[in-house]
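Mind the numbering: the sequence shown is residues 0 to 206 in numbering that gives the first Met the number 0, read in order. Note that CB positions come from ideal geometry on N, CA and C, so glycine has one too. The structure appears right after this line, and notes come after that.
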Amino acid sequence: MLSTIVKISNVTNLSDARYCAGMGVEMLGFTLDPENPQYITPEKFAEIRSWIAGVQLVGETRSEDVHEILRLLEQYPLDALEIGVPAMVPFLVSELSIPVLLRINIDEIDPEDLLPLVRDYNSSVSYTLLESPQNVSLPAKWEEVIGQLPESANILLGFGLGDIDQIHHYLDTLPIEGISLRGSEELRPGYKDYGMLMDILEALETD
0 MLSTIVKISN VTNLSDARYC AGMGVEMLGF TLDPENPQYI TPEKFAEIRS
50 WIAGVQLVGE TRSEDVHEIL RLLEQYPLDA LEIGVPAMVP FLVSELSIPV
100 LLRINIDEID PEDLLPLVRD YNSSVSYTLL ESPQNVSLPA KWEEVIGQLP
150 ESANILLGFG LGDIDQIHHY LDTLPIEGIS LRGSEELRPG YKDYGMLMDI
200 LEALETD
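Here it is, written out as structure tokens:
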């Protein structure tokens, strides 16, 4: 059991899925976009799903076309959907019977825009994931802004997580529900070096 909610994004193989499910992560994310290097086919997804239980399977897409997303969802039996376009939230929430997560790339917005954005969609989405492909660490300005978010926002922090002590600091001081980490490729079929992922999950493990 883990001390906080953990989502693993970009899962591409059964090794990651089984290890993370066994460690007690809340959600496993799978990329649905064929052009993405981490894309997982419906057949591979079905195979992985048949081997794991007790974890929510989240479809991750960067598509900006709601109709394309609906077509994708017909191929995957998912427990939740993660999108990156806030304007699509109302339509998808009304059309789907599964929860919707909103992914916000903080590299694309100004810090002062985060609070209004979260407030606008807080009541509609199950979680808001904050990510930053460009930022390894959490800049002080963003830490301050995130600290002002309401606890009801159900924030998952998806960057600045390279140091275990920092992760504990963020969990203790920021109004976040949990964290989001990324899966990785197998070195060869059935063989993984979990590295930092293992270190973080073991550090969050409770007795």
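Only residues of its own chain outside the window of five on either side were considered, and among them Met87, Phe90, Leu91 have a CB closer than 7 Å to the CB of Val65, listed in chain order.
With respect to Glu176, Ile4 sits close: the two C-beta atoms are nearer than 8 Å. Put simply, the backbone Cα of Ser62 is about 8 Å away from that of Ile82. Contact between Ile154 and Ile166 fails: their C-beta atoms lie close to 14 Å from each other, not under 8 Å.
Pairing Ile47 with Thr60 gives a Cβ-Cβ distance that is not under 8 Å. Taking 8 Å as the cut-off, the beta carbon of Lys6 is found closer than this to the beta carbon of Gly28. Residue state for Arg102 is assigned as strand, using DSSP reduced to three classes. Where Val10 is concerned, there is no enclosing alpha helix (DSSP H), because DSSP gives it neither an H nor an E. Ser96 sits exposed, since fewer than 16 C-beta atoms from the chains shown fall within 10 Å of its C-beta. In the DSSP assignment, Tyr126 is bridged to Leu100. In terms of CA proximity to Pro85, Asp119 leads the group Ala79, Asp119, Gly58, Leu77.
Contact between Ala79 and Ser125 holds: their C-beta atoms lie close to 7 Å from each other, under 8 Å. Here Ala16 has Val10, Leu27, Ile47, Ile51 as same chain residues with Cβ atoms under 6 Å from its own Cβ, once five neighbours each way along the sequence are excluded. Per the DSSP secondary-structure output, Thr30 pairs in a beta bridge with Tyr38, Glu59.
The Cβ atoms of Leu156 and Leu196 do not sit closer than 8 Å to each other.
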